[in-house]
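These notes concern the structure reproduced below.
Chains as they are written, first to last, in the working numbering: chain A, 25 to 402; chain B, 186 to 572.
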């Protein structure tokens, strides 16, 4: 009977404390983290769509970084009438050029029809053909594709602003909004989900009924009304979208994940070891819910970008410049039915929103395969 | 089943009141109150303002105001008077717009669900082929495409470039000059005939299912019933004096419905595909194969029926997309429905109409959720049993 209680021999006899290399804890964590990252990257890499999505996001990241750099270097001193031509809003709308009055306009940059000249002039004398008149370059003249004095890679908008510069700035605005909305949404959803799963009972019922209510509220119509009542800016919009989407469906999904973690033995072990509620939630449950949270962050970005662009398109937001506003300007200035003739007005912005959403959507789908083993092909 | 429906109905009823209370909160959170809107007008003497505050009940405690708000919205059917088109009542404006939105919403949802389910099913069956890959890429494009831009492109292509369809709006005004019918009466008759066909078809299906057991003759009888009903409806409209007007309305609906359908259809396709792929791994599919069940039967009966469940659940989550898409569609295609009423009211700062439209859109969304829940319980017996 006694020999069953003696410690196992063999390895322990050869155990020499001097031979053990002391490795700091952070290095162990880093090594483990790196190993799991490599394993997950292999899974992620299996889905080529996800890699494409990542490349798209990286491209937009470069665009967002390029704007301030270009503004400070190449585009810094293209002043016209006291304003920078490449400024996202001011643009070239102040440029006044001299146009010749002709019967039939072939080049809208240097020529103007008799009727248009009549509206521009003082209205007393009917302008003669062959005369010259001072006219603003961009408005009401149509948007141009090539530059007059300054190179415009993607042409100008109906107010004379540089489309390429606006496009780059739009990437910055999209990242900012996406980050604010996704982080606030997922942080809230993780907290609500884990708290409601951990405590259960009344707290769970209250939070889940709240989630039911939030799912039922039509988000876009509600935001339309809110933006009609208040002055909604980019940051506020991001937080609003974050709160509304974070309390709804995402919270319910993360709660079900947290429930499956809560019943694992290590939670009981932590409780027996004397861990408090807060410690168990933050140190044991949330780290295990986090992969799924990251996944929903990707989808939250897609939703937020769509909502912002739709509201900007409807002209309801008070923000400086975004892709939605570019489309709104082209739409309200009457270029809706011009299609490919003025492609640079709507296509760059429309494609940018689409690709940006698609990038995050694809990364989200690929991450879904990493997080959710049932979806894998292997 | 009845118990389950009653329970869901009760929950939806409570949620409706919470939603209305939330709308009140939204109004109340605004700086000042509604009477402040008129303070800037120098023609209104201060005494009149005091009277107005009393008439509008703004001097009463908030809880009483909330009570009035809830009562007026639910039982009184009184949503106030529009400011921008005074003295029309808000309820009048909104209930004129309601059928148009419901039509857009229902046709797009039903069409996209049917098409998306069908495509998703076939695509999952042919995993790894070129067809699957191209359908996937197209679906992802439609799912992530910036909807307003896409709608503008559709409008430009079909209405401006090809000239097949009108550029937005609900009716061609020239056709309707001197018409003995109002556009709404014709439209409502159209909706009634669609509803009648659906209802009679449903009843006929039930009768057929009760009378025969052979699946093949059942299927044939279903088809005969559907086509003969469609034929009856077509004959009815062909000999109706309203047909040119009905055709005009129909002509205006094509592009908006198509646009909204295409975008929602992509979501259903993607979901059906992944749901189908999970179902195809189940053991009972292997069993069916081993038994020698024909491939098409395995696909349609064994796999697709079970793959439908998650797709139906997601229909609830997709409702937000359809509603948001509906508002934008109505705006771009100048379709005079609820969404356009809401946007117009916000631009004109017509608060009663805006709040009413939001409440009504909320009710639509609540009802749609209820329908989806009941369908889900109907499809999945587990839900019914658990209650």
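Ideal placement from N, C-alpha and C gives every residue a C-beta, glycine not left out.
Answer yes or no: do residue 422(B) and residue 428(B) have a C-beta to C-beta separation smaller than 9 Å? Start at 1 with the first residue of the second chain, and residue 422(B) comes out as number 237. Start at 1 with the first residue of the second chain, and residue 428(B) comes out as number 243. Yes, the Cβ-Cβ distance between residue 422(B) and residue 428(B) is below 9 Å.
Reference residue 323(A), options 349(A), 361(A), 265(A), 374(A), closest by Cα: Locating residue 323(A) in the first chain gives position 299, counting from the first residue. When only C-alpha atoms are compared, the closest one is 265(A).
Classification of residue 196(A) by the beta-carbon crowding that lies within 10 angstroms, buried from 16 upward: As a working note, residue 196(A) is residue 172 in the first chain. Buried, by the Cβ-count rule.
What is the DSSP secondary structure of residue 137(A), reduced to helix, strand or coil? Position 113 of the first chain, counted from the start, is the residue given in the question as residue 137(A). Looking at residue 137(A) - three-state DSSP - the assignment turns out to be strand.
Would you mind working out which of 280(B), 307(B), 554(B) sits nearest residue 262(B), comparing C-alpha positions? Counting from one through the second chain, the residue named residue 262(B) turns up at place 77. Cα-wise, what sits closest to residue 262(B) is 280(B).
Under 8 Å: do the stretch 187–206 of chain A and the stretch 337–355 of chain A share three or more Cβ pairs, one atom per stretch? yes
Would you verify that the beta carbon of residue 196(B) is, or is not, closer than 9 Å to some beta carbon of chain A? Looking up residue 196(B) in the second chain gives position 11. For residue 196(B), the answer is yes, since a Cβ of chain A falls inside 9 Å of its Cβ.
Taking its Cβ as the centre, do 16 or more other Cβ atoms sit within 10 Å of residue 400(B), making it buried, or is it exposed? In the second chain, counting from the first residue as 1, residue 400(B) sits at position 215. So residue 400(B) ends up on the exposed side.
Take the Cβ of residue 384(B) as the centre, count every other Cβ of all protein chains shown within 10 Å, and call the residue buried at 16 or more, exposed below. Residue 384(B) sits at position 199 when you count from the first residue of the second chain. Exposed is the call here.
Mind checking which residues open and close the alpha helix (DSSP H) that includes residue 262(A)? If you number the first chain from 1, residue 262(A) lands on position 238. 258–270 is the extent of the alpha helix (DSSP H) around residue 262(A).
Where does residue 271(B) land, buried or exposed, given buried means 16+ other C-beta within 10 angstroms? Locating residue 271(B) in the second chain gives position 86, counting from the first residue. Under this definition residue 271(B) is an exposed residue.
Please state whether DSSP places residue 188(B) in a helix, a strand or coil. Position 3 of the second chain, counted from the start, is the residue given in the question as residue 188(B). Residue state, collapsed to three classes: helix.
I need the straight-line Cα distance from residue 295(A) to residue 201(A), nearest angstrom please. In the first chain, residue 295(A) corresponds to position 271, counting from 1. In the first chain, residue 201(A) corresponds to position 177, counting from 1. Cα to Cα, residue 295(A) sits roughly 39 Å from residue 201(A).
Within 9 Å, strictly: CB atoms of residue 349(B) and residue 343(B): To locate residue 349(B), count along the second chain from 1; it is residue 164. To locate residue 343(B), count along the second chain from 1; it is residue 158. Contact: yes.
In whole angstroms, what separates the C-alpha of residue 307(B) from that of residue 259(A)? The residue labelled residue 307(B) in the question sits at position 122 within the second chain. The residue labelled residue 259(A) in the question sits at position 235 within the first chain. Rounded to whole angstroms, residue 307(B) to residue 259(A) spans 44 Å at the Cα level.
Secondary structure, beta strand (DSSP E): runs of 3+ residues fully inside the stretch 66–102 of chain A: none
Report back the beta-carbon spacing between residue 464(B) and residue 491(B) to the nearest angstrom; my notes put them in contact at under 8 Å. Residue numbering aside, residue 464(B) sits at position 279 when the second chain is read from its first letter. Residue numbering aside, residue 491(B) sits at position 306 when the second chain is read from its first letter. Confirmed, Cβ separation roughly 5 Å.
Could you confirm whether any beta carbon from chain B is found closer than 9 Å to the beta carbon of residue 73(A)? Working through the first chain from its first residue, we reach residue 73(A) at position 49. Closer than 9 Å to some Cβ of chain B, the Cβ of residue 73(A) qualifies, so yes.
Taking any Cβ of chain A, which residues in the stretch 477–493 of chain B have a Cβ under 8 Å from it, in chain order? none
Give a yes or no on whether the C-beta atoms belonging to residue 527(B) and residue 248(A) are separated by under 9 Å. For the purposes of this step, residue 527(B) is identified with residue 342 of the second chain, where counting begins at 1. For the purposes of this step, residue 248(A) is identified with residue 224 of the first chain, where counting begins at 1. Yes. Within cutoff.
At a Cβ threshold of 9 Å, is residue 345(B) touching chain A? To locate residue 345(B), count along the second chain from 1; it is residue 160. True, the Cβ-Cβ gap to chain A drops below 9 Å.
Which runs of the beta strand (DSSP E) fall wholly inside the stretch 389–434 of chain B and span at least 3 residues, in chain order? none
Which term fits residue 50(A), buried or exposed, when burial requires 16 or more other beta carbons within 10 angstroms of its beta carbon? As a first step, residue 50(A) must be located in the first chain, where it is residue number 26. With fewer than 16 other Cβ atoms within 10 Å, it is exposed.
Please list the terminal residues of the continuous alpha helix (DSSP H) segment that includes residue 238(B). As a working note, residue 238(B) is residue 53 in the second chain. Segment 231–240, the alpha helix (DSSP H) holding residue 238(B).
Using only alpha-carbon positions, find the residue among 318(A), 244(A), 278(A) that is nearest to residue 505(B). Mapped onto the second chain, residue 505(B) falls at position 320. Residue 505(B) has its Cα closest to that of 244(A), out of 318(A), 244(A), 278(A).
Chain A residues whose Cβ lies nearer than 9 Å to that of residue 254(B): Position 69 of the second chain, counted from the first residue, corresponds to residue 254(B). Per Cβ cutoff of 9 Å: no residues; residue 254(B) is ~15 Å from chain A at best.
Below 9 Å on C-beta distance, what does residue 381(A) contact in chain B? For the purposes of this step, residue 381(A) is taken as the residue at position 357 of the first chain. In chain order: 328, 329, 330, 331.
Would you report the Cα separation of residue 139(A) and residue 357(A), rounded to the nearest angstrom? Reading the first chain from its first residue, position 115 is the one you call residue 139(A). Reading the first chain from its first residue, position 333 is the one you call residue 357(A). For residue 139(A) and residue 357(A), the distance between alpha carbons rounds to 20 Å.
Check the Cβ of residue 355(A) against every Cβ in chain B and list those closer than 9 Å, keeping chain order. Sequence index remark: in the first chain, residue 355(A) carries index 331 (1-based). Correct list: 333, 337, 517.
So who's on the other strand from residue 125(A), going by DSSP bridges? Position 101 of the first chain, counting from 1, holds the residue named residue 125(A). DSSP output for residue 125(A) lists 136(A) as bridge partner(s).
So who's on the other strand from residue 156(A), going by DSSP bridges? To locate residue 156(A), count along the first chain from 1; it is residue 132. For residue 156(A), which the question treats as bridged, DSSP gives the partners 124(A).
With a threshold of 9 Å between beta-carbons, can residue 211(B) be considered close to chain A, or not? The sequence position of residue 211(B) within the second chain is 26, counting from 1. Output row for residue 211(B): interface = yes.
Is there at least one Cβ from chain A nearer than 9 Å to residue 467(B)'s Cβ? Residue mapping note: residue 467(B) aligns to position 282 of the second chain, counting from 1. With 9 Å as the cut-off, residue 467(B) does not count as an interface residue toward chain A.
Skipping 5 residues on each side, what residues in its chain have a beta carbon closer than 7 Å to that of residue 328(B)? Walking along the second chain from the start, residue 328(B) turns up at place 143. Only 451, 452, 455 meet the Cβ criterion.
Considering only the alpha carbon of each residue, which of 238(B), 229(B), 447(B), 278(B) lies closest to residue 292(B)? Residue numbering aside, residue 292(B) sits at position 107 when the second chain is read from its first letter. When each option's Cα is compared against that of residue 292(B), the closest is 447(B).
At least three beta-carbon pairs within less than 8 Å, the stretch 372–384 of chain A to the stretch 78–86 of chain A: yes
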